[in-house]
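Peer 1: Take a look at this one; I'll ask things after.
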Amino acid sequence: PPTHPDLATSYNDIGLVYSSMGKYSKALGYFQKSNSIREQALSEKHPNLAITYSNIGDVRRLMGDYEKALAFHQKALNIQENVKCNPLECATTYMNVGETYREMKDYTTA
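Next comes the structure, spelled out in structure tokens:
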């Protein structure tokens with residue numbers, strides 16, 4: 001079905017491939033498709049939703065859209081800090097926040 005969480009996972013994975021190829025707008029499109037499904041199919045505090053938010057934040061950072069990147073990373077952290085999350089995923093989100101601030105030349109916050 002078009003709103004099955006497994007489809008969201010597939011879209012997320014395709015987004016990761018496009019991001020690794022430097023095709024950030026295509027990656028963003030797939031992350032947004034994944035996000036749309038996950039927001040409908042999962043609870044608002046589900047860890048998989050945090051993964052998609054973090055991926056959207058990272059691709060926004062890579063596109064130079066730092067404010068939106070930080071907003072999505074914060075949404076991811078709001079979930080990750082309130083549920084038992086995979087430590088690697090939490091660490092990745094914190095690293096992405098630091099990278100965003102570094103690219104904004106806000107070294108103190110980074």
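First residue of the sequence shown? That's 1 in UniProt numbering, and the numbers climb one at a time after it. By construction, the Cβ of each residue, glycine as well, lies at the ideal position given by its N, Cα and C atoms.
How many angstroms separate the CA atom of N35 from the CA atom of L49?
Peer 2: Here the question's residue 35 lines up with position 35 in the sequence shown. Here the question's residue 49 lines up with position 49 in the sequence shown. Those two C-alpha atoms are separated by around 7 Å.
Peer 1: Take every Cβ of the segment 57–72, pair it with every Cβ of the segment 89–104, and state whether three or more of those distances are shorter than 8 Å.
Peer 2: Yes, they touch.
Peer 1: So, with DSSP's three-state summary, where would you put T3?
Peer 2: Residue 3 sits at position 3 when you count from the first residue of the sequence shown. Looking at T3 - three-state DSSP - the assignment turns out to be coil, as it is neither helix nor strand.
Peer 1: In terms of alpha-carbon separation, which member of M21, A41 and L88 lies closest to S54?
Peer 2: Residue mapping note: residue 54 aligns to position 54 of the sequence shown, counting from 1. For S54, the nearest C-alpha among the options comes from L88.
Peer 1: By a C-beta neighbour count over all protein chains shown, 10 Å radius and 16 as the cutoff for buried, is G15 buried or exposed?
Peer 2: Here residue 15 is taken as the residue at index 15 of the sequence shown, counted from 1. G15 comes out buried.
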